[in-house]
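A short worksheet on the structure shown next.
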Amino acid sequence: MNKQLTMILGERRYRVERPWGELPPGMRFRGLSSVAVNARGDVFAAQRAGQPIVMFDSSGRFIRAWGDEHLADAHTIYIDHDDRIFVVDRDAHQVLQFNVEGVLIARLGTEHAPCFQAPFNHPTGIAVAPDGEIYVSDGYGNHCVHRFSSDGKLKQTWGSRGLGPGEFAIPHAVWVDRSDRVLVLDRDNHRVQIFRRNGEHLGQWLGFYRPMSIFEDGQGMILVSDLTPSLSMFTPDGTLVGRCRPVLLNIGHGICVGPSGDIYIAEMDSSHIVRLAPCV
């Protein structure tokens, strides 16, 4: 008999719902990698095989799946403040923008045309600033961050492989927070590096084991998943206020927070969506 699990992050308690989302008969997740939620509460999951993008409503009801004709390796899905849907296609070396029906709107990079020290060479993550600037972590080949204008023109690149400030060993995810900082998960250096939007290095947060995904919630708290596996919550100044193990022995490869405060986790190894629902 399954027992209800409860997790704690700081002063918050969550009910663990695993697995979450009702797939059609005969369908299962295959290499679940990332998850994102739009302003309405619809949930979008990205997976490595089959139809890359799977969409649910806020209750977990399956709506549609799409993207196979455009995506080779959906590593990260991200929805910005205008509900634009971006997918980082890691092994096709591109970032694609879609509407909610799955229609391709725009592209960064050239499909299947990797570039050394230029966009892209196995990119990993994406974030969009309030003014529309786009930041992409170019993680597995180039170990850098690219900054684009809102219309997709490359403005700046910073970083290289290494251990020092502003150097990376697989920048795996990126976030632009409400303090106008760029937070980069430097996965194999086991840290979060913090920059101004022009690439100036501000500092780092330590205490992780290969951090995987990052998200800022509606209260300005920073959530980071890692390969322990754990989910950690920080104040904007980097103070750790909570940590839990919400995905059992599997990898929380992607995380996001919905408009109602639910935390969604893409559990990669077992390919489940986990929802942490606030206890009230």
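FYI, in the working numbering the residues of the sequence shown are 1150 to 1429.
Glycine included, C-beta positions come from ideal geometry on N, C-alpha and C.
Task: Minimum length 3: unbroken beta strand (DSSP E) runs contained in the segment 1192-1227 - done: Fully enclosed beta strand (DSSP E) runs of 3 or longer: 1192-1196, 1202-1205 and 1211-1215.
Task: Residue range of the beta strand (DSSP E) that includes S1362 - done: Along the sequence shown, one-based indexing puts residue 1362 at 213. Run containing S1362: P1360 to E1365, per the beta strand (DSSP E) assignment.
Open item on the list: Could you tell me the alpha carbon to alpha carbon distance between R1392 and T1273, rounded to whole angstroms?
Closed with: Stepping through the sequence shown from its first residue, residue 1392 is reached at position 243. Stepping through the sequence shown from its first residue, residue 1273 is reached at position 124. Distance between the alpha carbons of R1392 and T1273 is about 24 Å.
- [ ] Apply the 10 Å Cβ neighbour rule to D1232 and answer buried if 16 or more other Cβ atoms are within range, or exposed otherwise.
- [x] Taking the sequence shown and counting its residues from 1, one reaches residue 1232 at position 83. The Cβ neighbour count for D1232, taken over all protein chains shown within 10 Å, is under 16; the residue is labelled exposed.
TODO: Please check the pair A1318 and R1330, which I expect to be a contact at CB under 8 Å, by giving their CB distance rounded to whole angstroms.
DONE: Walking along the sequence shown from the start, residue 1318 turns up at place 169. Walking along the sequence shown from the start, residue 1330 turns up at place 181. In fact, because the Cβ distance is near 21 Å, the residues do not count as touching under 8 Å.
Task: Boundaries (first-last residue) of the beta strand (DSSP E) holding C1428 - done: Walking along the sequence shown from the start, residue 1428 turns up at place 279. Counting along the chain, C1428 falls outside any beta strand (DSSP E), and DSSP gives it neither H nor E.
- [ ] Name the one or two DSSP bridge partners that A1255 has.
- [x] Counting from 1 along the sequence shown, the entry for residue 1255 is found at position 106. A1255 has Q1246 as its beta-bridge partners, per DSSP.
Task: Cβ neighbour criterion (16 or more within 10 Å) applied to M1150 - done: Working through the sequence shown from its first residue, we reach residue 1150 at position 1. Confidence at M1150 is low in this model, with a pLDDT of 41, below 50, so the placement of that residue is unreliable and no value is reported for it.
Open item on the list: Counting C-beta neighbours from all protein chains within 10 Å, is the total for V1252 16 or more, i.e. buried, or is it exposed?
Closed with: Counted from its first residue, the sequence shown places residue 1252 at position 103. Counting every other CB atom within 10 Å of its CB across the protein chains shown gives V1252 a total below 16, marking it as exposed.
Open item on the list: On a Cα-Cα basis, can you pick out the residue from T1388, L1380 and E1316 that is closest to L1425?
Closed with: Your numbering for residue 1425 matches position 276 in the sequence shown. When only C-alpha atoms are compared, the closest one is L1380.
Open item on the list: With the cut-off set at 9 Å, would you say L1376 and Y1358 are in Cβ contact?
Closed with: Looking up residue 1376 in the sequence shown gives position 227. Looking up residue 1358 in the sequence shown gives position 209. Yes, the Cβ-Cβ distance between L1376 and Y1358 is below 9 Å.
- [ ] Report the three-state DSSP secondary structure of R1346 (helix, strand or coil).
- [x] In the sequence shown, residue 1346 corresponds to position 197, counting from 1. Coil.
Open item on the list: Considering only their Cβ atoms, is the gap separating P1268 from G1281 smaller than 9 Å?
Closed with: Walking along the sequence shown from the start, residue 1281 turns up at place 132. Walking along the sequence shown from the start, residue 1268 turns up at place 119. A distance of 9 Å or more separates the beta carbons of G1281 and P1268.
- [ ] Select from N1338, G1410, L1389 and A1415 the residue whose C-alpha is nearest the C-alpha of G1401.
- [x] The count along the sequence shown starts at 1 and reaches residue 1401 at position 252. When each option's Cα is compared against that of G1401, the closest is A1415.
- [ ] For D1337, collect the residues of the same chain with a Cβ closer than 8 Å to its Cβ; drop the 5 residues on either side in sequence, then sort them by chain order.
- [x] Reading the sequence shown from its first residue, position 188 is the one you call residue 1337. So the qualifying residues of the chain are A1318, I1319 and R1359.
Open item on the list: Just to confirm the assignment: which complete alpha helix (DSSP H) runs, minimum length 4, are found wholly within the segment 1275-1327?
Closed with: Here no run is fully enclosed.
Open item on the list: If you reduce the DSSP assignment to three classes, tell me which class A1415 lands in.
Closed with: Translated into the one-based positions of the sequence shown, residue 1415 becomes position 266. DSSP, read as helix, strand or coil, puts A1415 in strand.
Open item on the list: Which of the three DSSP states is assigned to A1185 in this structure?
Closed with: Residue numbering aside, residue 1185 sits at position 36 when the sequence shown is read from its first letter. Here A1185 sits in strand by DSSP.
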